[in-house]
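Reviewing the structure listed below.
There are 4 protein chains.
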Amino acid sequence: MKIGRQTQKSTAISTANAEAIIVRGRDLCSELIGRVGFTDHMWLLITGELPSAAQRRVLDATLIAIAEHGLVPSVQASRMTLAAAPEALQGAVAAGILGCGSVVLGSSALAGEFFAAIVTRANGGSLEAAARAEIAALRAAGKAIPGYGHPLHRGGDPRAQRLLEVSVEAGASGHHIEAAQIVERLLPETTGKTLVMNVSGAIPAVLLDVGYPVRALKGVPIVARTAGLVAHLLEEQLRPLGFVLSHAGARAIDYDGPAPAGFVPSHE
Amino acid sequence: MKIGRQTQKSTAISTANAEAIIVRGRDLCSELIGRVGFTDHMWLLITGELPSAAQRRVLDATLIAIAEHGLVPSVQASRMTLAAAPEALQGAVAAGILGCGSVVLGSSALAGEFFAAIVTRANGGSLEAAARAEIAALRAAGKAIPGYGHPLHRGGDPRAQRLLEVSVEAGASGHHIEAAQIVERLLPETTGKTLVMNVSGAIPAVLLDVGYPVRALKGVPIVARTAGLVAHLLEEQLRPLGFVLSHAGARAIDYDGPAPAGFVPSHE
Amino acid sequence: MKIGRQTQKSTAISTANAEAIIVRGRDLCSELIGRVGFTDHMWLLITGELPSAAQRRVLDATLIAIAEHGLVPSVQASRMTLAAAPEALQGAVAAGILGCGSVVLGSSALAGEFFAAIVTRANGGSLEAAARAEIAALRAAGKAIPGYGHPLHRGGDPRAQRLLEVSVEAGASGHHIEAAQIVERLLPETTGKTLVMNVSGAIPAVLLDVGYPVRALKGVPIVARTAGLVAHLLEEQLRPLGFVLSHAGARAIDYDGPAPAGFVPSHE
Amino acid sequence: MKIGRQTQKSTAISTANAEAIIVRGRDLCSELIGRVGFTDHMWLLITGELPSAAQRRVLDATLIAIAEHGLVPSVQASRMTLAAAPEALQGAVAAGILGCGSVVLGSSALAGEFFAAIVTRANGGSLEAAARAEIAALRAAGKAIPGYGHPLHRGGDPRAQRLLEVSVEAGASGHHIEAAQIVERLLPETTGKTLVMNVSGAIPAVLLDVGYPVRALKGVPIVARTAGLVAHLLEEQLRPLGFVLSHAGARAIDYDGPAPAGFVPSHE
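Residue numbers (numbering that gives the first Met the number 0), protein chains in the order written: chain C, 0 to 267; chain R, 0 to 267; chain H, 0 to 267; chain G, 0 to 267.
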């Protein structure tokens, strides 16, 4: 059966014949492999054009900022999965990527949509008025303001600060960063909370200012974290922690449901 | 319950406090973000050291070589998944990564283990004798020789040729590449088939020769393909093909099971 | 670091010691294995109580209704994944489940929330008035009305009709089914489209009327489809279709991006 | 491009037209929904035939035995994933299923292949001789004997004992169970360890004795655990534990890599 009414039946990313592979119009082997870096290639794949120096520098900075932050939930899920299923490293990576969601790791995408909406609404006029309106709209819908606050870096997320610096160094700071900073300033009076911009707020701000597409923002933490997961899964093969993590997790949780009289749960 | 007997309970990848994040011993914000590229960072995450110029160049080349090859099965699985579940881009990426298996895309890891086994067995002596022995061992176990042959690039995989060139240009060609070339030469007499080295053979050969860890080889196609998937999923949002693909797939397959008398399947 | 402020640290689903496993207060081995059916057990796991005969019959009917519908996108994604990665059947199942989304297969959950909102809003009063209000709210938010229409079963989804019959036979038809039927009647005048209730509308309607929890609705297509995927993956091992599907998919799509002069794509 | 040489292009599981859906030759709506139970349907999907009473009873017993065992690694991975990505319940289920691997949960499949190999090798003759030969073959290949031992149920896995009882009650005990019991008896002398049959040994033994296909064995823990995951994910929505689990896990692991002089990790 045919679901939906897609009328377009073409792709513009790549094609091939027996002799050559074309990626975004370029011959993969003669023009790209050995001639550009992977960050250039990622930008090319996503946008269709090779990046400027500023675009490359900002994308590099964001990928590095979010690639690794220790034994976060998605890394634990990934290491537990490899411990249980060592035959499929790709499954352990997939389990880790599935934790790139709206609450953790993937909130870059939500923050990016929020900043883009502010800039679009301002339409060249007051970013502050637009920011107030978009904050109000999120709050009216009962939604959180994405991109601010961090459970560990309460005084300021050092990655966010550094990303803004890199953006300035690259001469690439623009309206989306400005919008993100205005929101940070407005939070106390509009939400009653003082929260500082986190890495998931800074990533979309600096990327949108160099023209990265908003709908591909979630790809940045996903690609970056995949590299971090590969490092953890190599370590997991050499020093297995997956079941240590799950043992500690299980011990932290009690059972409070019914049980037969006299039943004593194991706390082993 | 405690599964297994893990005695080590430590990680060496990263740590943090409220002010700073340490990755492989380096301060993430002051030493890495804005100072190195993502390929350097990936090498650092995986090996604990920043790469040499040759190591970076070879890793870049392999990532670029395998990032994208059109509507391969894993890309189709990913695009169909986004069409069905647009609320979870991470799920569509995960579905694509799950296709990085022993047959397609993930065979780099098997080829790398094979080449490493040849080099280890040779132990400084004859690579050809070691290659013959390892080919014989695979064939005795009924296994395929990984890293050779391609359904489209029958006359030679241009990515493999280019990767070997880049390795030579980088002054980084060594025993693993030599082993891979010896196997290619031995295939007709040992297996009766003439097959040329493919990209999944060349990737581990050039990487092992610059000291990339064999157990992290599968991470290279996985990280690279994740970037390709992000590009496809951006395109899928703009021009949906997922259900066009599944419609074409379903039409290619007949039903040959039993059916009630007179039942006429739809071929819509 | 500690994310969020969870204060509760207990689970009520199961516990164990060396001699026994307790599930929802019952001894797994003496009270459940060999004494009840899997559908009873699923209801017990989810709700904490064994089902009545009507509850079991309705849950059975919904699971059977949605378990299998041929080479739908999620089944194709799953079979392609097994073809690429035969070493990990769990990965192929996961790829299939990831397609249980808001557009396909998982829309039961959205339809259930919609019907529950109508019944709650009516609060014993007019279901029709409540249905009109909830339809208007969805349309104001630019959202589709979930649970109606089918690309193949345009004249009526036979599974929906049968599920409503089973509900009546079980003496279990109530306000949620009534709400679903009212919506079907109101669609032409409120949306301008005549669409009949589909299986993803009927499943939540009949389940909510027997007291199944709305937040676990998505679990029904997921558990059911998992059984269908296992059948497809067994067939895939015996008669591989995964790459036939992807070959047909790729042939259905053209390349319309740039290419070097004279480049002729392969259509093999 | 066309991967591989699949010549068969048909499926025998289901087909449909606008009016009806045929599953394994039966009309889904008139013959199956409301007439059989989900366990019957699962057997039908996988084998093509409705089960006998003994087949249904044994399949029910195995599904119930393995559906739930508390906060095992795959459940923790799943709950952490939902906490991070609440927008995609299917992603959390997928993360849980990915932990159904060769070490945990999925070892039923390996044990089933092992028992089937014993029965095939015996070919009506001595099961003990065949068991000795297959044990020796596994040990020669450096592989574990699958299906024996449990980290909590050291004195005997009560689920395994109960499954064997159910098989006897159903009049369905045969050569595979016998082989599994012989292996248990031979373990001390052949491996130097006394280990009792666990649930992942008993599941394939009882299922193979009622004719369940060996290549679909992994589907049993996968389908069963999916139901358990749905229960945990409903509970996770009502009482979030995902980040409690990851917090406890992270605290159990130290950092032993390099760090700048004076750096003090947070243990928050």
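No residue lacks a Cβ here, since even glycine has one placed at the ideal position from N, Cα and C.
CB contact check: residue i to chain G, cutoff 7 Å
i, result
"R:V263", "yes"
"R:S9", "yes"
"H:T225", "yes"
"H:P157", "yes"
"R:D253", "yes"
"H:L151", "yes"
Residue i, buried or exposed, once every other Cβ within 10 Å from all chains shown has been counted against 16
i, result
"C:L228", "buried"
"G:K192", "exposed"
"C:N197", "buried"
"G:E188", "exposed"
"G:E48", "exposed"
"C:T119", "exposed"
"C:Q54", "buried"
"G:D255", "exposed"
"C:K217", "buried"
"R:P145", "buried"
"C:D156", "buried"
"R:V263", "exposed"
"G:G105", "buried"
"R:D253", "exposed"
"G:H175", "buried"
"H:H266", "exposed"
"C:L240", "buried"
"G:L109", "buried"
"H:V209", "buried"
"H:A171", "buried"
"H:T135", "Reading the sequence as shown, one finds Ala at residue 135 of chain H and not Thr. Looking at its Cβ environment, which holds fewer than 16 other Cβ atoms inside 10 Å, H:A135 is exposed."
"G:T10", "buried"
Residues sharing a beta bridge with residue i, DSSP
i, result
"R:M41", "R:M41 pairs with nothing; no bridge assigned."
"C:V243", "Partner(s): none; C:V243 has no beta bridge."
"R:A15", "R:I20"
"R:S280", "In the structure as shown, chain R starts at 0 and stops at 267, and residue 280 of chain R therefore has no counterpart that could be examined."
"G:R25", "G:V22"
"C:S9", "H:D253"
Chain R contact for residue i (CB, 7 Å cutoff)
i, result
"C:F242", "yes"
"H:T80", "yes"
"C:A143", "no"
"G:K1", "yes"
Min CB distance residue i to chain H below 7 Å
i, result
"R:S107", "no"
"G:V165", "yes"
"C:G256", "yes"
"C:M41", "no"
"R:S199", "no"
"R:S245", "yes"
"R:Q75", "yes"
Min CB distance residue i to chain C below 7 Å
i, result
"H:P85", "no"
"R:T269", "The shown model of chain R, from 0 to 267, leaves out residue 269 of chain R, and the question about it has no answer."
"G:A249", "yes"
"G:P72", "yes"
"R:R161", "yes"
### Query
Relative to chain R, which residues along the region 204 to 217 of chain C have a C-beta separation below 8 Å, given in chain order?
Of all residues in the region 204 to 217 of chain C, only P212, R214, A215 and K217 place a beta-carbon less than 8 Å from a beta-carbon of chain R.
### Query
Which runs of the alpha helix (DSSP H) fall wholly inside the region 85 to 155 of chain H and span at least 4 residues, in chain order?
As far as the region 85 to 155 of chain H is concerned, its whole alpha helix (DSSP H) runs of at least 4 residues are 88 to 96, 106 to 121 and 126 to 139.
#### Entry: Proximal residues, the region 88 to 115 of chain C versus chain R, C-beta separation under 7 Å
So the list reads L88, Q89, G90, V92, A93, I96, L97, C99, G100 and G105, given in the order they occur along the chain.
### Message
Counting only Cβ-Cβ distances shorter than 8 Å, please list the residues of the region 9 to 23 of chain R near chain G, keeping chain order.
### Response
Residues are counted here when their Cβ sits less than 8 Å from a Cβ of chain G; for the region 9 to 23 of chain R these are S9, T10, A11, I12, S13, T14, A15, N16, A17, A19, I21 and R23, given in chain order.
#### Entry: Against chain H: residues of the region 32 to 60 of chain C by CB proximity under 9 Å
Taking a C-beta cut-off of 9 Å against chain H, the contacting residues of the region 32 to 60 of chain C are G47, listed in chain order.
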